[in-house]
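Q: Mind having a look at this structure? Questions to follow.
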Amino acid sequence: MVDWQRILQGAGETAQGMAYAMTVNRWLQLDDQSAFSEVVDYVNGSAVGEVDTMDAVLLQATATNFDLDERRRLVKFYALFKTAEYNRFGQFRGFPA
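Residue numbers (UniProt numbering): 1 to 97.
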């Protein structure tokens, strides 16, 4: 299970952070193909600041999730997220600090 309180400490205000957590949880509830589509749509349709924040939230969720099946899926989501980010911006933008 994802420890959202710990993750969101670095993501800013609780209300805003919860929106990111809800998005990641929604992706986890979908089948892989639907989730992959939503990840790509999120990267392509969000403001740069939102992409940056989701990058940090998704990486932290991936690193701190103790459920192995969820963690494997989060790794896939994060890899796809970074690939979609590369396609959108034309360069690798690095990892969150």
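Just so you know, even glycine gets a beta-carbon here, dropped at the ideal spot from N, CA and C.
1. Using CA atoms only, rank isn't needed, just tell me which of V40, V48 and A19 is closest to Y78.
2. Along the alpha helix (DSSP H) that carries N65, what are the first and last residues, could you check?
3. Sorted by chain position, which residues of the same chain lie with C-beta nearer than 7 Å to A20's C-beta, five sequence neighbours on each side aside?
4. Looking only at its own chain, which residues have a Cβ that is under 7 Å from the Cβ of R88, when we skip the five neighbours before and after it?
5. Can you tell me whether DSSP reads G45 as helix, strand or coil?
6. Leaving out the 5 sequence neighbours to the left and right, which residues in its chain are closer than 7 Å to E70 when beta-carbon positions are compared?
7. With DSSP collapsed to three states, give me the class of L58.
8. Does the distance from the CB of L59 to the CB of N65 come in under 8 Å?
9. Does the distance from the CB of L68 to the CB of F36 come in under 8 Å?
A: Concretely, from the data shown:
1. V40
2. Looking at the DSSP string, N65 is not in any alpha helix (DSSP H), and its letter there is neither H nor E.
3. What sits at residue 20 in the sequence shown is Tyr, not Ala. Once the five neighbours on either side are set aside, the close Cβ partners of Y20 are A11, T53, M54 and V57.
4. V43 and N44
5. helix
6. L28
7. helix
8. no
9. no
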